[in-house]
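Engineer: If you read the sequence shown in our numbering, its first letter stands for residue 893, the second for the next number, and so on. Take this structure, written in structure tokens, and hold onto it; I'll ask about it next.
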Amino acid sequence: MDSARITAAETLAALGVTQPDQVAPLFAEIRSRFGLESTAIHDEPAWKTFRDAWLGRKSGILAQITDNWLKPAPPDLKRAVGAGLNELRAHVESQIESRRQAIESGAEQSALAREHVDLSLPGVTRPIGSHHLIRQVFQEIEDIFVSIGFSVVEGPEIETPYYNFEALNIPEFHPVRDDMDTFYLELPKGAPTPLLLRTHTSPMQIRTMEKQKPPVRVIVPGKVYRRDNPDATHSFVFHQVEGLAVDSDITFCDFTGTIEYFVKQFFGPGVKTRFRPSYFPFTEPSVEFDVSCIFCGGSGTAAGGGTCSKCKGAGWIELFGAGMVDPAVYGFVNYDAKKVSGFAFGMGIDRLAMLKYQIDDIQVFFQNDVRFLRQFP
Ligand SMILES: [Zn+2]
């Protein structure tokens, strides 16, 4: 009998088995083949294929033995074939089950091995970030004003036209509204008032005075919005610090002295300041503050000769607008304009940061390029 030819697909007669003592070697051969196949199974998909090949109900090897060996066997072989088949079935079933368990626990062990923590490896270090330059400049400005008695307050970025315009003496027809074109929120029909993104931090002047009787000394840092197209000096979002001081005896000298103190603290004691008459609806008189050019030291001449490009030879750079609070504004907040006086200013933080740190494009503040941000740790 050639063992290579033993197959469950053929009948015993075809395999040349005619005597009961020929049956046991048949099953021994099948069993050793099963053993060999079994050791080659190492994962679940292969195990499933293996199981179906042996125990499959229709064409598994055991089913084939039943159909081809047992059923057509002559009576004198049937008993031996039945006994051999039962023994083989018990062996195959128990081996296939124990193989499954071995594969499962092996998978668990290799998963555990993957999770094993090697305590000798270096830890994961995450670089510590820093404050954005704009945030740093806010902090510098806040420190200077807090040191001379101002408090810091913050307000909503979404405002009503009343606080953003009307209460600041900017009625609807006022031409300055053209410069302060902004973004209006889409609201449901019947909303009581339009809402907009504030164009300056000045609304907090009104909100502060509504809540608080004089004396008032506050600065208001924050984001503001305008419908400006982005370029090197414009952005639809930028930053301001509003300042307001109101008391019973504040003079124009207090005002200019405070601003001069701030400018020298911020840019250094070497700079000079000057102011020029200007116009804002909510201050009277209004001024524009200039600082001596930081780039050419006020000479108007560039380091290598020729005209300083930053101040265009003037020796002065425009800083921000300010003024004595227009008495009309007090009317909106129930202050007695005959008893109180004060000053207000609004500084563009981005502009101050660009001047102090010699940055020539406002867009870099909003691009989050770490190569830029890392220069200001
Ligand atoms: Zn200059």
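Glycine residues also receive a C-beta, built at the ideal position from the N, C-alpha and C atoms.
(1) Which residues does DSSP pair with GLU1210 in a beta bridge?
(2) Run the CB neighbour count on PRO1113, radius 10 Å, all protein chains shown included, and call it buried at 16 or more, exposed below.
(3) Judging by CA-CA distance, which residue of PHE1144, HIS1092, GLY1190, SER990 is the nearest neighbour of MET1216?
(4) Give the DSSP-derived three-state secondary structure of ALA905 in the structure shown.
(5) Per DSSP, what kind of secondary structure is MET1101 in: helix, strand or coil?
(6) Which residue from THR1091, PRO1063, VAL984, ILE933 puts its Cα closest to that of VAL1221?
(7) If we ignore side chains and look at the alpha-carbon of each, how far apart do ARG1166 and ALA1083 end up?
(8) For MET893, count the other beta carbons within 10 Å of its own beta carbon; 16 or more makes it buried, fewer makes it exposed. Which is it?
(9) With a CB to CB cut of under 7 Å and the five nearest residues on each side skipped, what residues in its chain are close to ARG1099?
(10) What residues match up with ALA1236 in a beta bridge as DSSP calls it?
(11) Could you tell me how far apart the beta carbons of ILE1241 and ILE1026 are, in whole angstroms, since I believe they sit closer than 8 Å?
(12) Starting from PHE1065 and walking both ways along the beta strand (DSSP E), at which residues does that stretch end?
(13) Could you tell me the alpha carbon to alpha carbon distance between ARG1006 and ALA999, rounded to whole angstroms?
(14) If you run the structure through DSSP and keep just helix, strand and coil, what is LYS1230?
(15) Evaluate ILE1111 with the Cβ neighbour count: other Cβ atoms within 10 Å of its Cβ, from every protein chain shown; 16 or more gives buried, anything less gives exposed.
(16) Does any heavy atom of ligand 1 sit closer than 7 Å to the C-beta of GLY1192?
(17) Quick one: what's TYR1117 bridged to in DSSP?
(18) Ordered along the chain, which non-local residues of its own chain (more than five positions away) have a Cβ less than 6 Å from that of LEU1077?
(19) For VAL1155 and PRO1080, I'd like the C-alpha separation in whole angstroms.
(20) Counting only the same chain and skipping the five closest in sequence on each side, list residues whose C-beta sits under 7 Å from that of ASP1010.
(21) Assign SER1191 to one of three DSSP states: helix, strand, or coil.
(22) On the three-pair Cβ rule with 8 Å, is the stretch 963–980 touching the stretch 912–928?
(23) DSSP on TYR1249, reduced to helix/strand/coil?
(24) What I want to know is whether the C-beta of PHE1187 ends up closer than 7 Å to one or more non-hydrogen atoms of ligand 1.
(25) Run the proximity test for GLY1207: is its beta-carbon closer than 7 Å to any non-hydrogen atom belonging to ligand 1?
(26) For ARG1166, which of helix, strand or coil comes out of DSSP?
(27) Buried or exposed, going by whether 16 or more other CB atoms sit within 10 Å of the CB of VAL1016?
(28) From ARG943 to GLY952, what does the alpha carbon distance come to, in whole angstroms?
(29) Rounding to the nearest angstrom, what Cα-Cα distance links LEU1136 and LEU1089 in this structure?
(30) For ligand 1, is there any heavy atom lying closer than 7 Å to the beta carbon of LYS1164?
Structural biologist: Per the coordinate set shown:
(1) ASP1182
(2) buried
(3) PHE1144
(4) helix
(5) helix
(6) PRO1063
(7) 46 Å
(8) In this predicted model, MET893 has a pLDDT of only 46, less than 50, meaning its place in the structure is not dependable; the value taken from the coordinates is given anyway. Exposed.
(9) GLY1047, TYR1055
(10) LEU1136, GLY1215
(11) 6 Å
(12) Careful: PHE1065 lies outside any beta strand (DSSP E) and carries neither H nor E.
(13) 11 Å
(14) coil
(15) buried
(16) yes
(17) VAL1129
(18) LEU1087
(19) 46 Å
(20) none
(21) coil
(22) yes
(23) coil
(24) yes
(25) yes
(26) strand
(27) exposed
(28) 9 Å
(29) 21 Å
(30) no
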